[in-house]
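Asker: Encoded as structure tokens, here's the structure I'll be asking about.
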Amino acid sequence: MSRLSSPLNAAGAAYLEALQERFRDDPASVDVSWRAVFQILDELGAVAPGAPAPGPAVADPSPLLLREEIRQRGHAVAGLDPLGRNAPPAAPVSEDAETARLRRLYQGTLTLETAHIDDPALRSWLQEAYEGADAVPPAEARRRALALLSAAEEFERLLGTRYPTKKRFGAEGIETLIPLLDRILAAAAAAGVTEVQVGTMHRGRLSLMANVLGKPLVELFAGIKGMHPFLADPPVPADVPYHMGVDSSLSFGDRTLALTLSPNPSHLEAVNPVIMGRARARQDLARDQGGDAGQVLCVLLHTDASVIGQGSVTEALQLSGVAGFTVAGTIHIVVNNQIGFTTERDEARTSLHCTGLWKAVDSPILHVNADDPDAALRAADLAVSFRQAHGRDAVIDLVGYRRNGHNEIDEPRFTQPLDYKAIEGHPPVGALYAGRLAADGVVGADAAEILAADHKARFQQALAAASDHRPNHDGFPGGRWTPFASGGTAPAEPDTGIAADRLQGLLAALAAIPDGFAADRKVERVIRRRAEEPLDWATGEALAFATLLADGVPVRLTGQDVVRGAFSHRHFALTDAVTGRRHVSLNHLGVEQARFEVINSPLSEYAVLGFEYGYSLERPDALVIWEAQFGDFANGAQIMIDQFIVSAEDKWRQPSGLVILLPHGLEGQGPEHSSARPERFLQMAARDNIRVAHPSTPANYFHLLRRQMLRRDRKPLVVLSPKTLLRLPAAVSALADLAPGTGFRPVVATAGERAERILLCSGKLAYELERERAALGAEEAAVVRLEMLYPLPEAELSALFRRWPGASCVWVQEEPRNLGAWSYLDRRLEAVRASAGCAEPRVACVARAEAASPAGSFHGDHDADQRRLVEQAFAGLAVSLPSREKAAAAE
């Protein structure tokens, strides 16, 4: 017998008595699901069964407890499986009307989980809204749902007939997804939403694009036929049809929604934070224009196996309530086929439902049997109402089945023969729903056939027209992106220099501390020094931000500990030691300016980098920066880097101007705090997809950041940022280095008139080589810093090689030989030297020995290795020993 229908026994009564006493002493000491029960009992003047009941007799509380138990645990035995494998237990023969009503509500084809929600007001709102809603949607909504189900079935049937061996990851078995999402969009439009950002998996994606999201059918079928989606010569690589996106305008009565379905890879759930970032960017724009965040809705679709298995989901969910990342509530749909490829439920998760993660963020969880479209429509209405009322996430678990295998050429009967025997004999939801509506008098008996014929004709007509379809656009986004569209030629280099008087005014604002503000004395000294020359790294960065803000360019910087800086160098927000009040000087520049946001993120790389990437897709007008605490930790977001940042423009014509700061440099701190893995970014650099820079002075960093925003194109910028150089006395710049006429220098040389050897390097190693050059008096050596690694500055390098055509060339790096930039630079530098007419085009390499680990952990060994590198770089050169001895004596 179900625990929900069994009477309370004596042991249970004793337990409840003790629990009620605890509740009266301290309500917070008992589980949230029991607080509502005891509140009811106290209001009735009742006690838990078995407790003494002095005074007048009170009503038997058992029905109240049972009703509350049904509310809290009904979902565990609800009739959610269309195949009937978990039918709810039979209700008692004799039961009062209210308890029976709650059983129908919570143990039927639709149920609601709220017991995990800590806030009693939220739970009460949800229960009242859920229990008070109409049991049956309006007739017009039901007819629309039937039409969409028919369209979904005919769409899949056509593709299955015409392309039986093509993977399309169809929606057969869970077609109710189509009217469910349509209802969410319609309800959102009615509630005042004007924009929707959608992210979805590949299951049912083609049908969603065709039947809900507004993808032109001819264009969609052309992609399925294998035709290139963009106008380009030569064609861009692009992607498979079920990864592509949609931009459309949808009408619901007199309301219109601007909708974006972002493209995404097959890396499951990776797109979630990207969509959230896009939504947040659009919400910020809406607020800037006098609107509110609720106007922009984020909708994310998942599958049951991936949503519980992929860590990106947990990371993204934890962003949902964090101020710098909240999107005023996301509506989630889990397309629950009750299987993952061949993985059974008990192999896929520990929790009862695949939606257990949402309990951590107090989201209402609705479970729906996909064979009941009416229940799906009700779930959609409640989810939208909750999001609009409370600005929080809601999730709908749509429980269906998968009529085919994981894809259309997979054979599922190898591993799930019993399930597929049941599926073969189960009618499609369209037929079931048509029969129900006909029985209710909502449609005629022949409605299903008429709808099917109409959809079939429409799809066949579009499929035929697709053969002659040719793309008429290059796929580059419009709107805010229009000014950055490529014209086929490289944009001119902008003037990034700033007049001295303007810089000094901004420096004064950056160094100012409000009157009466009790700043930490050490921090105050750091801040006051910003008004003085020379400029250190943090001041160069702050000045770059300040000049852009003053020009109306918003700046958003996020990452772990970025407000202070992981190396305690920024202090962008001062904290009053007495009141705790914060002051951000970059938002108080004394001039009209754009908004500056500096946000400490949760301890997440994957989701936060994805969020900022998504934000950058909607804000080409803003400088959007994500910083890793150490460059090594970027590999926690490798999927985001590989599948989106470096390849999205090639695959999807999706540009981004995101800046990624990765602290890099070997300093004896071990393999986890040394290397940003530049070799990985350089291996993926191609077709002008990204920029990889390694600036070594505050001035060059200043110009690099300004250049990123002033150029008339946008590419992701990966910056190998420093650690040692943040406080190295030699790594400073003068205001004159930022003046008009100055700019970013991709190649910086320290050399005399003649050179026998060119020592090419990048980053902090340049300072060690220059110090050794001076110590040795090695005038025959030219130390050349390569500050832009990709695109390789071939013109500047060629000019330098022509200056000394007879000089040998050595690439010097502190990373192991198999890591760092050497593998990328080797043949490329040789080609540049050959074209420059150098006597010896080949370039030698000085590096640490090949290694699997990027860096060592012992300072003594590190220092010895570093010394050997520097000595080897200068080995064989004629040197002035007196100069070296003089330098050694000076030290």
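Each step along the sequence shown adds one to the number in UniProt numbering, with nothing skipped, and position 812 is 812.
The C-beta atom is built at its ideal place from N, Cα and C for all residues, glycine as well.
With 16 other CB atoms within 10 Å as the buried threshold, where does residue 58 fall?
Answerer: Residue confidence is low: residue 58 scores 44 on pLDDT, short of 50, so the model does not pin down where it sits. Its coordinate-derived value is still stated next. Residue 58 comes out exposed.
Asker: For residue 612, which three-state DSSP category applies?
Answerer: helix
Asker: Pull up the CB-CB distance for residue 258 and residue 327, whole angstroms please, since I reckon it's below 8 angstroms.
Answerer: About 16 angstroms separates the two Cβ atoms, so there is no contact after all.
Asker: How about residue 689 and residue 656: are their beta carbons less than 8 angstroms apart?
Answerer: At least 8 angstroms separates the beta-carbon of residue 689 from that of residue 656.
Asker: Our contact map puts residue 204 next to residue 171 with C-beta atoms below 8 angstroms; I'd like the distance itself, whole angstroms only.
Answerer: 3 angstroms
Asker: With residue 859 as the anchor, note down where its alpha helix (DSSP H) starts and where it stops.
Answerer: 859 to 874
Asker: So the candidates are 405, 590, 608, 577; which of them puts its Cα closest to the Cα of residue 510?
Answerer: 590
Asker: With DSSP as the reference, label residue 678 as helix, strand or coil.
Answerer: Correct three-state label for residue 678: helix.
Asker: Label residue 472 either buried or exposed according to how many other C-beta atoms from any shown protein chain fall within 10 Å of its C-beta, with 16 as the threshold for buried.
Answerer: Exposed, by the Cβ-count rule.
Asker: Of all the beta strand (DSSP E) runs that stay within the bounds of the region 643 to 715, which reach a length of 3 or more residues?
Answerer: 659 to 663, 691 to 693
Asker: How do the region 286 to 301 and the region 347 to 358 stand: do at least 3 beta-carbon pairs fall below 8 angstroms, yes or no?
Answerer: no
Asker: Find the nearest neighbour of residue 821 within the set 679, 752, 477, judged by alpha-carbon distance.
Answerer: 679
Asker: Look up residue 811 in the DSSP assignment and give the residues it is bridged to.
Answerer: 760, 845
Asker: So, at 7 angstroms on beta carbons, what are the nonlocal neighbours of residue 143 in its own chain, with the 5 sequence-adjacent residues on each side left out?
Answerer: 442, 443
Asker: DSSP three-state label for residue 75, please.
Answerer: Here residue 75 sits in helix by DSSP.
Asker: Buried or exposed: where does residue 547 fall if 16 or more other Cβ atoms within 10 Å of its Cβ makes it buried?
Answerer: buried
Asker: Pick out the complete beta strand (DSSP E) segments inside the region 192 to 232, 3 residues or longer, and give them in chain order.
Answerer: 195 to 199
Asker: For residue 750, list the residues DSSP reports as bridge partners.
Answerer: 783
Asker: Locate the alpha helix (DSSP H) running through residue 369, then write down its first and last residues.
Answerer: Premise fails: residue 369 lies in the beta strand (DSSP E), 365 to 369, not in any alpha helix (DSSP H).
Asker: Helix, strand or coil, according to DSSP, for residue 30 in the structure here?
Answerer: coil
Asker: Just the C-alpha distance for residue 185 and residue 388, rounded to the nearest angstrom, thanks.
Answerer: 13 angstroms
Asker: Which of helix, strand or coil does DSSP assign to residue 54?
Answerer: Legend: pLDDT at residue 54 = 46, less than 50; position of this residue unreliable, value from coordinates given subsequently. In the structure shown, residue 54 sits in coil (DSSP, three-state: anything other than H, G, I, E or B).
Asker: By Cβ distance, which residues of its chain are closer than 6 angstroms to residue 165, with the 5 residues on each side in sequence left out?
Answerer: Closer than 6 angstroms at Cβ, skipping near neighbours: 409.
Asker: Are the region 603 to 622 and the region 314 to 327 touching, with three or more C-beta to C-beta distances below 8 angstroms?
Answerer: yes
Asker: What does residue 626 pair with, by DSSP beta-bridge criteria?
Answerer: Bridge partners of residue 626: 558, 660.
Asker: Just to confirm, is the Cβ distance from residue 710 to residue 623 under 8 angstroms?
Answerer: no
Asker: Rounded to a whole number of angstroms, what is the C-alpha to C-alpha distance between residue 532 and residue 240?
Answerer: So the alpha carbons of these two residues sit roughly 56 angstroms apart.
Asker: What is the rounded straight-line gap between the Cα of residue 892 and the Cα of residue 730?
Answerer: Residue 892 cannot be examined here, being either before or after the span of the chain that is shown, 1 to 891.
Asker: Kindly indicate the opening and closing residues of the alpha helix (DSSP H) around residue 159.
Answerer: Note, residue 159: alpha helix (DSSP H), 139 to 162.
Asker: Which one of 775, 595, 96, 192 has the shortest CA to CA distance from residue 385?
Answerer: 192
Asker: Does residue 86 come out as helix, strand or coil in the three-state DSSP assignment?
Answerer: Note: residue 86 maps to coil in three-state DSSP.
Asker: Would you check if the distance between the CB atom of residue 423 and the CB atom of residue 66 is smaller than 8 angstroms?
Answerer: No. Outside cutoff.
Asker: Pick helix, strand or coil for residue 353, following the three-state DSSP scheme.
Answerer: coil
Asker: Rounded to the nearest angstrom, what separates residue 55 and residue 114 at their Cα positions?
Answerer: In this predicted model, residue 55 has a pLDDT of only 45, less than 50, meaning its place in the structure is not dependable; the value taken from the coordinates is given anyway. Here the C-alpha atom of residue 55 lies approximately 35 angstroms from the C-alpha atom of residue 114.
Asker: Find the nearest neighbour of residue 133 within the set 147, 351, 212, 112, judged by alpha-carbon distance.
Answerer: 112
Asker: Look at the alpha carbon of residue 862 and the alpha carbon of residue 816, and state the distance between them as a whole number of angstroms.
Answerer: 12 angstroms
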